[in-house]
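Undergrad: What follows is a structure written as structure tokens; I'll ask about it next.
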Amino acid sequence: MVSRSWKEVYVKVGKQKFIFMEDLYAIGNSNASSEFSLGIEYGGAGTPAELASLSLKGKGLVLRETEPEELRKAAAAAREQGARAIFVLKGETKEAFKEAVEYNAYYLKRGYRGLSNPRRPETVVFYISPALAKTIFGKEVPDILKAPAGSLKGKSIALQATMTEKIEFSSENVLGFLEGTDKKDEVLVITAHYDHIGKRGEEINNGADDDGSGTVSVLEIAQAFAQAKAAGKGPRRSILFMTVAGEELGLYGSQYYADFDPVFPLQNTVANLNIDMVGRIGGDYIEINEPNYVYLIGSDKLSTELHQLSEAANRETVGLKLDYKYNDENDPNRFYYRSDHYNFAKNDIPIIFYFNGTHPDYHQPTDTVEKIHFPKLEKIARLVFYTAWEVSNRENRIRVDKADK
Ligand SMILES: [Zn+2]
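Throughout, my numbering is defined as the position within the sequence shown, counted from one, plus 597.
Rendered as structure tokens:
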């Protein structure tokens, strides 16, 4: 991993200078070494159709704010078309922008942390204030937002975005491997992340639910399989129990495994069951105080068989209510992209993500162990176990019969 912080960040429009944390902030990794000039284009939401209408070579592209995954895709596509810098309109008022700066202050001061050999070396996105947007386009943000992509002529700017030298550090995923019997070359991966968001000021974010609950589930499931194996009834396929680091920073542990060092070949990886937050009552169930459910995400995205097998395992054993609300592609939370299973799914490996939904203690120092609903956690861990049992023991490898897009 590498860590870098911001050294100097500003935008100049003519003689006017806009400074870091006041009129712009930057998130990601920048490779710039000195100030450079840019023509500016407006690209709307940065959809493929919008980007196709623009010539972006060497330009700065201004986008309106969209969901993180949508924005990530738009930025990557724009860079591929030659865009030199990506800007996002942040807020419609001075106050809204200030609030966003304060909300992100912790990360902005810390700078970038990420894999030392990322596939996309430059990832920085600049978030700009309404005042800076107005200086560039001569229009208020609401009017900019109404304009079609390519219809606005922006003033040229000078951009400075330098970072300090890289500091290298390392982190570890923790892998436990249980070898299968007659189908041992095929591997099922069961994951949870063991990192959390650390301290803010003097307060410790404990992360009991996120993701202590998933981490202990992985350990319990590993123990159960190990006992089965010791009794001569081990699974036919191999199982990799993996707790990963760096999830909260950007799914880095699972990305490292999938992109750089898959210890077991991805083409032999039959499925990933990922457990992230299963120890609390969350989402729609807080109001009715109902523990007997779990949100399942992704089970039907790549393999009908995995979905059916998962439902049958639940029906025949723990009988939880399986809630697919967040599996809807139009759900604005887009949880499918937000935990470690995604790094397997993007390689066409079928996944199931087990999740209890968020709650008021989510990413707060108050996510503590005495609030964990252990009977609920145990039931979900059992469901993952029975699902894993079926995936690892059935005659055929579960079939991939759907495309992810
Ligand atoms: Zn989590």
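C-beta atoms are modelled at their ideal positions from N, C-alpha and C, and glycine is treated no differently.
Got a sec, what are the start and stop residues for the beta strand (DSSP E) THR788 sits in?
TA: 780-790
Undergrad: For ligand 1, is there any heavy atom lying closer than 7 Å to the beta carbon of HIS956?
TA: no
Undergrad: Listed in chain order, which residues are found with a beta carbon closer than 5 Å to a heavy atom of ligand 1?
TA: ASP807, ASP808, ASP873
Undergrad: According to the Cβ coordinates, are LYS654 and GLY688 closer than 8 Å?
TA: no
Undergrad: Does the segment 953-972 touch the segment 681-700, meaning 3 or more C-beta pairs lie closer than 8 Å?
TA: no
Undergrad: Cutting at 6 Å between CB atoms, please list the residues of its own chain near ILE764, excluding the five before and the five after it.
TA: SER600
Undergrad: Considering only the alpha carbon of each residue, which of ASN911, GLY916, LEU903, ASP928 lies closest to ALA942?
TA: LEU903
Undergrad: Taking DSSP as the reference, what is the three-state secondary structure of ALA642?
TA: Here ALA642 carries a coil assignment [DSSP, helix/strand/coil].
Undergrad: Output yes or no for whether 8 Å exceeds the beta carbon distance between GLU799 and ASP937.
TA: Not closer than 8 Å, so no.
Undergrad: Pull the bridge partners of PHE822 from the DSSP assignment, please.
TA: In DSSP, PHE822 forms no bridge with anything.
Undergrad: Quick one: which unbroken beta strand (DSSP E) runs of 3-plus residues sit fully inside the segment 736-787? Chain order, please.
TA: 754-760, 771-775
Undergrad: I need the boundaries of the beta strand (DSSP E) containing THR840, first residue and last residue.
TA: It spans 834-841 - the beta strand (DSSP E) in which THR840 sits, taken as one unbroken run.
Undergrad: I need the straight-line Cα distance from ILE894 to ASN865, nearest angstrom please.
TA: 23 Å
Undergrad: Using alpha carbons as the reference points, say which of VAL659, PHE633, SER652, LEU635 lies closest to GLY641.
TA: VAL659
Undergrad: Please report the straight-line C-alpha distance between TYR639 and MET874, rounded to a whole angstrom.
TA: Looking at the two C-alpha atoms, the distance is approximately 39 Å.
Undergrad: Distance check for GLN824 and ASN802, CA to CA, integer angstroms please.
TA: Answer to the nearest angstrom: the Cα atoms are 34 Å apart.
Undergrad: For the 8 Å Cβ check, are there 3 or more pairs between the segment 979-986 and the segment 905-916?
TA: yes
Undergrad: Using DSSP bridges, identify the partner residues of TYR951.
TA: ILE872, LEU893
Undergrad: Please name the residue, chosen from LEU775, ILE794, VAL771, that lies closest to PHE822 on a Cα-to-Cα basis.
TA: LEU775
Undergrad: Can you tell me where the beta strand (DSSP E) holding LYS918 begins and where it ends?
TA: 918-920
Undergrad: Could you check where the beta strand (DSSP E) with GLU677 kicks off and where it finishes?
TA: Premise fails: GLU677 lies in the alpha helix (DSSP H), 665-677, not in any beta strand (DSSP E).
Undergrad: Report the option in PRO727, VAL988, GLY643, ILE741 whose CA atom is closest to the CA atom of LEU621.
TA: PRO727
Undergrad: Spatial neighbours of GLY850 within its chain, please: C-beta separation below 8 Å, excluding the five flanking residues on both sides.
TA: SER768, ASN770, HIS790, ASP792, VAL841, ALA842, GLY843, GLU844, ASP937
Undergrad: May I ask you to report which of helix, strand or coil DSSP gives ARG931?
TA: coil
Undergrad: In the DSSP output, which residue or residues are listed as bridge partners for PHE684?
TA: Partner residues in the beta bridge of PHE684, as assigned by DSSP, are VAL659, PHE723.
Undergrad: How many angstroms separate the CA atom of LYS1002 from the CA atom of LYS898?
TA: Annotation note: pLDDT 48 at LYS1002 (below 50); position unreliable, coordinate value reported separately. Between LYS1002 and LYS898, the C-alpha separation is close to 9 Å.
Undergrad: Assuming ILE872 and GLY811 make a contact with CB atoms under 8 Å, what is their CB distance in whole Å?
TA: 4 Å
Undergrad: Out of curiosity, what's the CA-to-CA distance linking SER835 and THR984?
TA: 14 Å
Undergrad: Secondary structure at LYS1002, three-state DSSP: helix, strand or coil?
TA: Any reading at LYS1002 is ruled out, since the residue's pLDDT is 48, under 50, leaving its predicted position unreliable.
Undergrad: Please name the residue or residues paired with GLY711 in a DSSP beta bridge.
TA: VAL599
Undergrad: Opposite THR866 in the DSSP bridges: which residues?
TA: VAL784
Undergrad: Taking buried to mean at least 16 other C-beta atoms within 10 Å of its own C-beta, is SER634 buried or exposed?
TA: Exposed is the call here.
Undergrad: Which ranges does the beta strand (DSSP E) cover as unbroken runs of at least 3 residues, wholly within the segment 598-630, from first to last along the chain?
TA: 599-601, 603-610, 613-616, 621-624
Undergrad: Quick test of your reading: ALA623 and VAL721, contact by CB under 8 Å. State the CB separation rounded to the nearest angstrom.
TA: 5 Å
Undergrad: Taking only three categories from DSSP, how would you classify ALA985?
TA: helix
Undergrad: Since SER634 sits in a beta bridge, which residues does DSSP pair it with?
TA: ALA755
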